[in-house]
Amino acid sequence: MKPETWSYDGSLESLLVLVAHGLSEGMAPASVLCAIRPEMGLFGNEASWSAYCPPKAAVDVAVDAILEVSRRYYAAVLRAWMSEEALEADLVAVGLDCLRRGETALGDYSFPSLSRLAAAVRQVTKETHLLEGFARFSLRRDGRYVALLEPQFNVLPALAPFFLGRFGAEAFAIVDLVRGFGLASVKKGSLISLESLNGEGLKGVMPEAEEEEEVALWRSYFKTVENVDRRNPDLQRRLMPLRYWGQLTELGSSRQ
Amino acid sequence: MELGKKLEILSAGARYDVSCASSGSDRRAPPGGMGRNLPAGVCHSFAGDGRCISLLKLLFSNACRYDCAYCMNRASNDIPRASFSTQELTKLTLSFYRRNYIEGLFLSSGVFADPDIVMERLVEVARSLREDAGFGGYIHLKAIPGCGDRLLKKAGRYADRLSANIELPTAASLSKLAPDKSGKEILSSMRFIGESCAEAREDSRRIAATPDFAPAGQSTQLIVGATPDDDMALLGLAQSLYRRYRLRRVYYSAYLPVGLDARLPTGPPPLLREHRLYQADWLLRFYGFKAEELLNPALPNLCEEIDPKSAWALAHPEFFPVELSRASMEELMRVPGLGATSARRIVSARRAAKLKPELLPRLGLVMKRARYFLSLYGRALETSIAWEGLRPLLMDRPPASRTPLLGKAAWSGPSGKPMALAVQSQLEFVFP
């Protein structure tokens with residue numbers, strides 16, 4: 658069968674169906690067009706993309722098919738989607754290799770597709786881990802703790818379990834300012850989109866008055882805990898890249 | 025005294041304690057509570073000195089009746105003194121935790137009264153956080169030397185990690201600079217904590233409801249450069265503590281001058297020496313090295329110019345080159361420039377396919393140093409440099425701002441849950 662160009666709308670459900678399709682056909686596409694990648698704005702027909710959403714049953718079947726390959730592979734598919742990189746053809750190629758050789762294939766970095774996939778997974782995992790630490794929450798007048806983030810990748814779904822465990826029954830929300838969506842906690846420790854929560858997201862919900870006092874205490878702590886005899890700003894910047902500084906309360910961010 | 029001022033004084037007093045890790049514990053909050061530990065720990069910020077801020081590191085009180093020469097909080101030092109109340113500490117910890125500033129609390133204290141009384145106060149803060157506030161975040165408590173086993177046992181129930189700082193590696197150094205402290209008491213606390221951790225682990229295998237005892241184990245800290253003790257004394261002690269008391273970590277802290285005392289060196293902290301000790305400590309813990317392999321009476325200090333693994337490699341030409349196609353993980357990890365991840369990738373890649381030189385960069389291996397010590401199917405990867413010429417190529421360039429090397433200027437003497445499962449559960453809320 659001749660490899661061809663496939664297309665999908667960029668959603669996770671569609672990607673899962675696309676990958677499962679490739680696995681069942683035993684063939685990786687020559688290339689994949691994705692509606693939400695910038696290059697599609699030039700030549701693609703965006704209107705026709707947004708209408709497609711695979712039925713839930715199809716997604717369930719796709720998830721089962723991918724999990725059958727390997728759980729590690731399934732995790733890689735999810736992370737690859739979060740990376741927003743053009744890795745669809747690589748995902749299918751790695752999946753097929755994995756079907757042939759078992760999980761050993763996931764250790765074969767000499768396979769270019771796996772090498773690219775692993776690099777993307779590493780980046781997403783790193784970004785998730787960094788934001789678990791660098792997200793800063795502030796208390797809003799509706800009693801909710803809110804963090805406004807600018808993640809490099811689409812990592813909110815990967816961050817959510819960490820903060821669900823952390824906040825327990827307390828109300829919180831995390832907002833991706835770059836992609837314009839957020840997740841808010843509701844009862845029973847689950848999350849919904851911010852729009853579904855109150856219809857207008859966080860508009861009009863201002864920080865609580867006590868916030869200023871807490872921020873001042875934290876900034877004072879941050880300043881005092883430094884040993885000036887060991888000052889090493891290069892190391893600080895290496896471990897805490899500048900692109901996160903805008904959201905860090907201790908470094909003067911007023912975003913929260 | 026207002027809370028802000030107390031925070032300033034008591035965080036300044038605690039900043040010389042290096043430990044700030046929040047790793048090793050997988051605790052969850054009880055129903056209705058808040059907080060969750062990740063076994064890998066989380067760094068929430070990095071101070072201007074480049075050190076991780078993961079825990080709210082505070083003293084309960086900086087009043088101290090001991091007069092340890094190297095300590096800022098010593099009795100004879102004329103500094104403002106303050107103490108927190110349990111409520112203040114609990115409120116501050118929860119408030120910072122909710123804002124994701126910290127992963128939990130690190131609580132130490134000056135010995136302002138009988139060790140039992142001080143330890144009781146620390147335990148009460150931990151109890152209040154766990155039982156009154158339902159806090160499931162990380163708690164690191166300092167074990168006050170000389171306190172009773174009953175209090176240590178109680179502390180271990182609430183804390184994720186306990187630590188007793190030994191500070192100086194020899195009894196002679198301790199009696200010279202910290203005459204009120206007893207090395208025996210510190211080691212006795214360590215032994216008790218180590219045994220209690222082991223007991224709790226053993227019991228939990230048989231009875232699931234066994235209460236935790238410091239699930240993240242115990243750590244200690246050694247001051248580097250405050251006394252003429254050499255690296256062999258420091259590393260030898262660390263190795264013995266890892267073996268005998270199963271410590272999770274030994275921290276090394278370059279001595280920072282905190283006053284004028286003829287018994288102590290002056291000048292900048294020996295940061296490079298501290299760095300080399302951490303490298304050597306890493307080799308002891310994860311790379312299967314022994315202290316005796318890295319240092320000996322003829323060579324009691326780590327080399328300033330090159331890292332300990334490279335120094336060992338240069339001294340053992342008979343071990344190299346290591347054959348990439350069949351070397352064990354342990355052999356690969358002894359190659360300068362190769363870490364555990366690289367070694368794992370090599371083993372995994374050669375299981376999947378035949379190794380070729382051009383594929384090595386794709387494995388993400390950093391070959392800058394390693395290539396001088398490796399061969400593939402009997403052919404050395406790098407043949408242009410003779411063994412004798414390797415040393416300059418393996419040298420680190422010390423950062424200009426980080427001097428001196430061994431603090432010699434001041435001394436005349438010797439110097440989980442699978443990721444797929446975790447993410448799968450997210451699909452429900454990403455696409456409800």
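Those protein sequence lines, which keep their order, are chains C and S.
Per my numbering: the first sequence = residues 658 to 913.
Per my numbering: the second sequence = residues 25 to 456.
No residue lacks a Cβ here, since even glycine has one placed at the ideal position from N, Cα and C.
Chain C residues whose Cβ lies nearer than 7 angstroms to that of residue i
i: Lys-81 (chain S); result: Val-882
i: Ser-119 (chain S); result: Glu-871
i: Val-66 (chain S); result: Glu-789 and Gly-790
CB-CB length for residue i against residue j, believed under 8 angstroms
i: Glu-883 (chain C); j: Gly-72 (chain S); result: 4 angstroms
i: Arg-151 (chain S); j: Tyr-182 (chain S); result: 6 angstroms
i: Leu-806 (chain C); j: Val-781 (chain C); result: Not really, about 14 angstroms apart at Cβ, beyond 8 angstroms.
i: Tyr-266 (chain S); j: Leu-308 (chain S); result: 7 angstroms
i: Leu-116 (chain S); j: Leu-80 (chain S); result: 7 angstroms
i: Val-147 (chain S); j: Ala-179 (chain S); result: 5 angstroms
i: Ala-746 (chain C); j: Ser-671 (chain C); result: Ala-746 (chain C) to Ser-671 (chain C), Cβ: 15 angstroms. No contact.
i: Ser-399 (chain S); j: Glu-355 (chain S); result: With a Cβ gap of about 12 angstroms, Ser-399 (chain S) and Glu-355 (chain S) do not count as contacting.
i: Ala-364 (chain S); j: Gly-48 (chain S); result: With 8 angstroms as the limit, Ala-364 (chain S) and Gly-48 (chain S) do not qualify as a contact, their Cβ atoms being about 18 angstroms apart.
i: Val-734 (chain C); j: Leu-673 (chain C); result: 7 angstroms
i: Gly-56 (chain S); j: Ala-826 (chain C); result: 6 angstroms
i: Asp-765 (chain C); j: Ala-377 (chain S); result: 6 angstroms
Pick from the options that is closest to residue i, judged by C-alpha positions
i: Gln-904 (chain C); options: C:Glu-867, C:Val-835 and C:Gly-683; result: C:Val-835
i: Arg-89 (chain S); options: S:Lys-205, S:Thr-244, S:Gly-158 and S:Ser-109; result: S:Lys-205
i: Leu-31 (chain S); options: C:Ala-722, C:Glu-871 and C:Leu-899; result: C:Glu-871
i: Arg-375 (chain S); options: C:Arg-801, C:Phe-820 and C:Arg-758; result: C:Arg-758
i: Gly-172 (chain S); options: S:Leu-211, S:Arg-270 and S:Pro-139; result: S:Pro-139
i: Glu-907 (chain C); options: C:Tyr-878, C:Pro-711 and C:Leu-763; result: C:Tyr-878
i: Arg-300 (chain S); options: S:Arg-75, S:Asn-325 and S:Cys-76; result: S:Asn-325
i: Arg-145 (chain S); options: S:Ala-262, S:Leu-405, S:Asn-124 and S:Gln-111; result: S:Gln-111
i: Ser-742 (chain C); options: C:Ala-732, C:Val-676, C:Val-778 and C:Tyr-730; result: A small fix is needed here, since residue 742 (chain C) is Glu in this sequence, not Ser. The residue with the shortest Cα to Cα distance from Glu-742 (chain C) is C:Val-778.
i: Glu-316 (chain S); options: S:Ala-394, S:Thr-244, S:Leu-261 and S:Tyr-276; result: S:Leu-261
i: Asn-124 (chain S); options: S:Leu-296, S:His-68 and S:Leu-83; result: S:His-68
i: Gly-134 (chain S); options: S:Ser-243, S:Leu-83 and S:Leu-62; result: S:Leu-83
i: Asn-889 (chain C); options: S:Lys-314, S:Arg-39 and S:Arg-75; result: S:Arg-75
i: Glu-342 (chain S); options: S:Tyr-269, S:Asp-420, S:Tyr-162 and S:Phe-397; result: S:Phe-397
i: Ala-722 (chain C); options: C:Val-676, C:Leu-816, C:Val-885 and C:Phe-791; result: C:Val-676
i: Arg-105 (chain S); options: S:Asp-420, S:Gly-37 and S:Cys-44; result: S:Gly-37
i: Leu-385 (chain S); options: S:Leu-296, S:Pro-416, S:Tyr-401 and S:Leu-362; result: A small fix is needed here, since residue 385 (chain S) is Pro in this sequence, not Leu. Nearest option by C-alpha distance: S:Leu-362.
Listed by chain order, chain C residues near residue i by CB distance under 8 angstroms
i: Gly-56 (chain S); result: Gly-825 and Ala-826
i: Ser-107 (chain S); result: Neighbours of Ser-107 (chain S) on chain C: none; closest Cβ ~17 angstroms, over 8 angstroms.
i: Ala-202 (chain S); result: Chain C residues near Ala-202 (chain S): none, gap ~20 angstroms exceeds 8 angstroms.
i: Gly-28 (chain S); result: Ala-873, Leu-874 and Ser-877
Proximal residues to residue i (C-beta, below 8 angstroms), its chain only, five neighbours per side dropped
i: Glu-373 (chain S); result: The identity of residue 373 (chain S) in the sequence shown is Ala, whereas the question assumes Glu. Cβ neighbours of Ala-373 (chain S) beyond the five flanking positions: Leu-379, Leu-383 and Leu-387.
i: Leu-176 (chain S); result: Met-143, Ala-167, Leu-186, Ser-213, Phe-216, Ile-217 and Ser-220
i: Phe-136 (chain S); result: Ser-85, Ala-87, Cys-88, Arg-89, Ser-107 and Val-142
i: Ser-264 (chain S); result: none
i: Asp-305 (chain S); result: Leu-259, Ala-262, Val-274 and Tyr-276
i: Glu-245 (chain S); result: Going by the sequence as given, residue 245 (chain S) is Gln instead of Glu. Here the set comprises Asp-41, Val-42, Ser-43, Ser-187, Asn-189, Ile-190, Glu-191, Val-274, Tyr-275, Tyr-276 and Ser-277.
Sequence-distant residues of the same chain with beta carbon closer than 7 angstroms to residue i, five excluded per side
i: Trp-435 (chain S); result: With a pLDDT of only 35 at Trp-435 (chain S), under the threshold of 50, the placement of this residue in the model should not be trusted; the figure read from the coordinates follows. Closer than 7 angstroms at Cβ, skipping near neighbours: Pro-252 and Pro-289.
i: Gln-809 (chain C); result: Glu-784
i: Leu-201 (chain S); result: Cys-92, Ala-93, Tyr-94, Leu-192, Ala-250, Thr-251 and Arg-287
Proximal residues to residue i (C-beta, below 6 angstroms), its chain only, five neighbours per side dropped
i: Glu-191 (chain S); result: Ile-247
i: Ser-334 (chain S); result: Pro-360 and Leu-418
i: Arg-369 (chain S); result: Leu-387
i: Ser-327 (chain S); result: Looking at the sequence itself, residue 327 (chain S) is Cys, so the reference to Ser does not match. For Cys-327 (chain S), where only same-chain residues beyond five positions count, the Cβ hits under 6 angstroms are Ala-335.
i: Ser-664 (chain C); result: Leu-690
i: Ala-715 (chain C); result: Val-674
i: Arg-51 (chain S); result: Asn-61 and Gly-160
Proximal residues of chain S, C-beta to C-beta of residue i below 7 angstroms
i: Met-897 (chain C); result: Ser-69 and Phe-70
i: Leu-892 (chain C); result: Gly-74
Chain S residues whose Cβ lies nearer than 9 angstroms to that of residue i
i: Ala-610 (chain C); result: Since the first and last residues shown for chain C are 658 and 913, residue 610 (chain C) lies out of range.
i: Asp-765 (chain C); result: Ser-372, Ala-373, Arg-375, Ala-376 and Ala-377
Neighbouring residues, chain S, relative to residue i (Cβ below 8 angstroms)
i: Arg-887 (chain C); result: Asp-73, Gly-74, Arg-75, Ala-278, Leu-280, Pro-293 and Leu-295
i: Leu-905 (chain C); result: Ser-69
i: Ser-770 (chain C); result: Ordered by position in chain S, no residue passes the 8 angstroms Cβ test against Ser-770 (chain C), which lies about 11 angstroms from the chain.
i: Gly-837 (chain C); result: Within 8 angstroms Cβ-Cβ: nothing; Gly-837 (chain C) doesn't reach chain S, min ~15 angstroms.
Cross-chain neighbours of residue i in chain C, by beta carbon under 9 angstroms
i: Leu-31 (chain S); result: Leu-874, Ser-877, Tyr-878 and Thr-881
i: Asn-124 (chain S); result: Glu-789, Gly-790, Phe-791, Ala-792, Arg-793, Phe-794, Tyr-802, Ala-804, Phe-820 and Arg-823
Counting only Cβ-Cβ distances shorter than 9 angstroms, please list the residues of the region 69-101 of chain S near chain C, keeping chain order.
Ser-69, Phe-70, Ala-71, Gly-72, Asp-73, Gly-74, Arg-75, Cys-76, Ile-77, Ser-78, Leu-80, Lys-81 and Leu-82
Against chain C: residues of the region 297-317 of chain S by CB proximity under 7 angstroms:
none
What residues from the region 134-162 of chain S come within 7 angstroms of chain C, judged by C-beta to C-beta, listed N to C?
none
Anything in the region 382-396 of chain S with a Cβ closer than 8 angstroms to a Cβ of chain C? List those residues in chain order, please.
Leu-383, Arg-386, Leu-387 and Gly-388
Pull out every residue of the region 793-815 of chain C whose Cβ sits closer than 9 angstroms to any Cβ of chain S, in chain order.
Arg-793, Phe-794, Ser-795, Leu-796, Tyr-802, Ala-804, Leu-813, Pro-814 and Ala-815
Of all the residues that make up the region 210-224 of chain S, which are near chain C by a beta-carbon distance shorter than 9 angstroms?
none
Can you list, in chain order, the residues of the region 34-51 of chain S whose Cβ is nearer than 7 angstroms to any Cβ on chain C?
Ser-35, Ala-36 and Arg-39
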